[in-house]
Structure formats: C-alpha cells, structure tokens
Amino acid sequence: MNRVCEILGITKPVVQAPMTWITSPELAAAVSNAGGLGILGFNAGFEEGKATPEETAEEMRKMVRRTKELTDKPFGMNVMTSAFDGAGFSKATIEMCREEGVLVLAAIGAIDADQIREWKEAGFKVIYRDMYPTVASAKAAEAAGVDILVATGCDEGGGMPVEATGTMVKTALMTEAVSIPVLAAGGIVNEAMAKASACVGAEGAYAGTRFVLSKECRAAQATKEDVLNTGADDLIVLTEANGYLKWRCTPHKVAQKAVAENQKGNLAPSTGSFYFGMLKGDMEAGINTVSSAASLIKSIDSCEEIVNELARGYGC
Ligand SMILES: Cc1cc2nc3c(=O)[nH]c(=O)nc-3n(C[C@H](O)[C@H](O)[C@H](O)COP(=O)(O)O)c2cc1C
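Each residue of the sequence shown is one higher than the one before, starting from -10 at the first, in our numbering.
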C-alpha cells in the first residue's frame, strides 16, 4: 500500500495544498470525498480577516464543522510552526483542531522539534513543508518525528523558495536523504508531472495550482480564466519581502509594477491583496500567483477528476 495513504487514512496520495483565502470547506471536502486529503488553508471560507488569534480560531471552527458536514473523511489544517507564529494565530487554531478532532496538520516554518513532539503526543499526523527546503531541514524534520515531508521546488505557485532548484531535483534530493514518505510540490498539475515525480521518489502530490482550476475552488471565475488564458512564456517572477520571497504571477498591473520596482532595486514592493486579486478576481488589485506549469492545465475540472488523474501518476 502507498505509505502516504496508509499514514493519512486516505485512498489516493493526493493532498490539496493550502492556499491562503481561496480554500474552503467545499474544496477540502470535495478532495477528501474523492479519496485525497483536503486542507483548510489560512482564512479558508472566511468573508473577512479576523483580528485576533481567538477570533480566527473560532471562525475556523465554523469551517471545520462545515467541512465535517460535507465529508466523513480525514482533512487537514494549515498551520505555522512556532518560528512563524509570533502572534499565536496557529497556536489557537491548533487547540481548536484538537477539540474538534482535526487530525492532520500541514505545517510551514522552521522546525521546532519540541513542538513536533507535542503535536505527535496530541495525536496529530504532521505533514511538514519547509518554504526554503534543504536536505538538512528534511533530516531535522524526520528526526523530530514528522510523518510526511513535502519537497517544494521553485516550480510552485504561491511564495516560491528563493533557491532556484526545481521540484524534480528537490524531490530526488529529499527522498535520498530521508526514509519518511515525500510529497512533491510545485508543478504537479497533471498525470505526467505526477508520474515524473514518482520516478524520482515522490509517493504523492501536494498540489495547489491544479486545484485553483477546480470547480469547487472559490477563487473567482475571472481568476481561473486568467490562469487558463496565460501562456507559459507570459508568467513573470517578482521578488518581495526584501529578497526573502518570490512569486510567479500572471502579468497583471500589480505584478508588472512590482517587477519594475525590483528593477529599480526595491526588493520589498507591494503585491496587493490576495483577497481581491485571487479570491475576488480583481487583477488590478492583487497578484494572481501560479506554478510555472500552469499553462499545462487545459480545463476547469471537478476535484474528483483531478484527484483521480494525479493519483494515476503514483499507480493508485
Ligand atoms: C495561490 C496560492 C496561495 C498559497 N498560499 C499558501 C499558504 O497560505 N500556506 C502554505 O503553506 N502554502 C501556500 N501555498 C503553497 C502551496 O501550499 C503549495 O506548496 C504549492 O501550491 C504547490 O505548488 P503548485 O501550485 O505548483 O501545485 C500557496 C500556493 C498558491 C498557488
């Protein structure tokens, strides 16, 4: 049996990666009902951002309960490790997950071995994705007790690793370095890419961009059509956060402006708002960030079709 399926209690080794604002109970449940693992990302299903960790956790509790109404299968929650969670948003959300019986945490941020041990003792399965992945951090994650590791290459949509290693090489390096199962993240948009990642050792997919173009994703129709209408050579990459983060985007106003700022030496330009850009489809207001493989996606499909297609790449 596929180890990812065994650990997570699912039947297809396809994890719908968390994506800020545009995931929802409907998306996560559709993926889980198809046999994959749906994940509620930051602000999943929210109509507006909440100011405090407690308000955020309570709003997310409603989303967890709604997801449970839609599926009786496992699903997960995106959280930050202690290093990224100074304000305690994830801490409050994890406590809520414990109360509500959400059993999988999809964590980002530097590894905190004590925290991983705590999560494991509380019964969580931990999927860990270092946003700046290295072989050393993969080994540290395994030693800390992480169940499943995500190998993210710079082919991904969302905040890209600054280091320019692609998904296939990153996956090969990580599967060689650890013995826990590895999911490939970045450009796993169809069966061929899933199969390619399986060839270099991945035991499943951690896919974001392909699920943006799913029927159940709540991103605006304009956002989805924008991705479908953007050619491979049209995508542009901008640098943000004083050089710590890169984004690959469709070439709209905010992204073009940020690239122009980069060229003038400004490494912290505005990227606008995901809420307006991706969720509401106002391309003048925020970036629309996607994988380098986005143009290989030809249609907007159901989560069931997507999960089945990607799973075939892993022989499932
Ligand atoms: C629009 C968008 C938003 C994202 N937001 C988050 C996030 O909030 N938290 C997170 O852990 N990863 C986030 N990611 C990264 C994904 O979890 C995943 O690593 C990535 O989508 C995989 O690459 P792919 O898009 O090529 O499939 C985001 C990705 C996208 C495309």
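We put the CB at the ideal spot given by N, CA and C, even for glycine.
From a predicted model like this one, the values you see are computed outputs, not experimental measurements.
Given the structure, does Asp223 come close to ligand 1, in the sense that its CB is under 7 Å from one of the ligand's heavy atoms? Within the sequence shown, the letter at position 234 stands for residue 223. For ligand 1, not one heavy atom lies less than 7 Å from the Cβ of Asp223.
Three-state secondary structure assigned by DSSP to Ala194: To locate residue 194, count along the sequence shown from 1; it is residue 205. In the structure shown, Ala194 falls within a strand segment according to DSSP collapsed to helix, strand and coil.
For Asn277, does the three-state DSSP call read helix, strand or coil? Residue numbering aside, residue 277 sits at position 288 when the sequence shown is read from its first letter. If DSSP states are grouped into helix, strand and coil, Asn277 belongs with coil.
For the stretch 224 to 234 and the stretch 195 to 209, state whether three or more C-beta atom pairs, one from each stretch, are separated by less than 8 Å. At 8 Å Cβ cutoff, the stretches do not touch.
Let me know the secondary structure DSSP gives Glu214 once reduced to three states. The residue given as residue 214 occupies position 225 in the sequence shown. Here DSSP, grouped into helix, strand and coil, assigns Glu214 to helix.
Excluding the five sequence neighbours on either side, which residues of its own chain have a C-beta within less than 7 Å of the C-beta of Gly77, listed in chain order? Sequence index remark: in the sequence shown, residue 77 carries index 88 (1-based). Correct list, in chain order: Pro42.
For Asn297, the nearest candidate out of Ala274, Gly193, Lys109 (CA to CA): Within the sequence shown, residue 297 is the residue found at index 308, counting from 1. Looking from the CA of Asn297, the closest CA among Ala274, Gly193, Lys109 belongs to Gly193.
Taking DSSP as the reference, what is the three-state secondary structure of Lys159? Residue mapping note: residue 159 aligns to position 170 of the sequence shown, counting from 1. The answer is helix: DSSP assigns Lys159 an H, G or I state.
Which residues does DSSP list as the beta-bridge partners of Ala(-5)? Counting from 1 along the sequence shown, the entry for residue -5 is found at position 6. Before going further, note that residue -5 is Glu rather than Ala in the sequence given. Answer is none; Glu(-5) lacks a bridge partner.
Beta-ladder partner(s) of Leu234, from DSSP: Within the sequence shown, residue 234 is the residue found at index 245, counting from 1. Glu229, per the DSSP bridge assignment.
Can you give me the Cβ contacts of Tyr195 inside the same chain, cut-off strictly under 6 Å, excluding the 5 residues immediately before and after it? In the sequence shown, residue 195 corresponds to position 206, counting from 1. Excluding sequence neighbours, Tyr195 sits near Val4, Ala6, Val139, Leu172, Ala174.
Helix, strand or coil: which one does DSSP assign to Phe35? In the sequence shown, the residue the question calls residue 35 occupies position 46. Three-state result, Phe35: coil.
Does the beta-carbon distance from Leu162 to Val124 come in below 8 Å? Looking up residue 162 in the sequence shown gives position 173. Looking up residue 124 in the sequence shown gives position 135. Yes, they are a contact pair.
Taking contact to mean 3 or more Cβ pairs, one atom from each stretch, closer than 8 Å, check whether the stretch 94 to 101 and the stretch 114 to 128 are in contact. Touching, per the Cβ criterion.
What did DSSP end up calling Tyr117 once you bin it into helix, strand or coil? Taking the sequence shown and counting its residues from 1, one reaches residue 117 at position 128. Of the three classes helix, strand and coil, the one that applies to Tyr117 here is strand, per DSSP.
Using only the alpha-carbon positions, how far apart do Asn277 and Gln245 sit? The residue labelled residue 277 in the question sits at position 288 within the sequence shown. The residue labelled residue 245 in the question sits at position 256 within the sequence shown. If you draw a straight line from the Cα of Asn277 to the Cα of Gln245, it is about 12 Å long.
Are the CB atoms of Thr198 and Val178 nearer to each other than 8 Å? Residue numbering aside, residue 198 sits at position 209 when the sequence shown is read from its first letter. Residue numbering aside, residue 178 sits at position 189 when the sequence shown is read from its first letter. In contact: Thr198 and Val178 (Cβ atoms closer than 8 Å).
If you measure from the CB of Ala244, is any heavy atom of ligand 1 nearer than 7 Å? Counting from 1 along the sequence shown, the entry for residue 244 is found at position 255. No - ligand 1 has no heavy atom lying nearer than 7 Å to the Cβ of Ala244.
In terms of residue numbering, what span does the beta strand (DSSP E) encompassing Met272 cover? Here residue 272 refers to the residue found at position 283 when the sequence shown is read from its first residue. Careful: Met272 lies outside any beta strand (DSSP E) and carries neither H nor E.
Where the beta strand (DSSP E) containing Ile83 begins and where it ends: By 1-based counting over the sequence shown, the position of residue 83 is 94. Premise fails: Ile83 lies in the alpha helix (DSSP H), 78 to 89, not in any beta strand (DSSP E).
Could you tell me the alpha carbon to alpha carbon distance between Gly275 and Met(-10), rounded to whole angstroms? Within the sequence shown, numbered from 1, the residue matching residue 275 stands at position 286. Within the sequence shown, numbered from 1, the residue matching residue -10 stands at position 1. Near 43 Å, if we compare the C-alpha coordinates of Met(-10) and Gly275.
Rounded C-alpha distance that separates Gly(-2) from Arg(-8): As a first step, residue -2 is located in the sequence shown; it is residue number 9 there, counting from the start. As a first step, residue -8 is located in the sequence shown; it is residue number 3 there, counting from the start. Each residue's Cα considered, the two are about 10 Å apart.
Please state the DSSP three-state secondary structure of Thr141. If you number the sequence shown from 1, residue 141 lands on position 152. Thr141 falls in the strand class under three-state DSSP.
Tell me whether Val248 sits in a helix, a strand or coil according to DSSP, three-state version. Translated into positions along the sequence shown, residue 248 becomes position 259. In the structure shown, Val248 sits in a helix (DSSP, three-state: H, G or I).
For Pro258 and Asp271, what's the separation of their Cα atoms in angstroms? As a working note, residue 258 is residue 269 in the sequence shown. As a working note, residue 271 is residue 282 in the sequence shown. Distance between the alpha carbons of Pro258 and Asp271: 19 Å.
With DSSP collapsed to three states, give me the class of Asn297. For the purposes of this step, residue 297 is taken as residue 308 along the sequence shown, with counting starting at 1. It is helical.
Which of helix, strand or coil does DSSP assign to Val151? For this step, residue 151 is matched to residue 162 along the sequence shown. DSSP, read as helix, strand or coil, puts Val151 in coil.
With the cut-off set at 8 Å, would you say Met52 and Leu29 are in Cβ contact? Working through the sequence shown from its first residue, we reach residue 52 at position 63. Working through the sequence shown from its first residue, we reach residue 29 at position 40. Yes, the pair counts as a contact, with Cβ atoms nearer than the cut-off.
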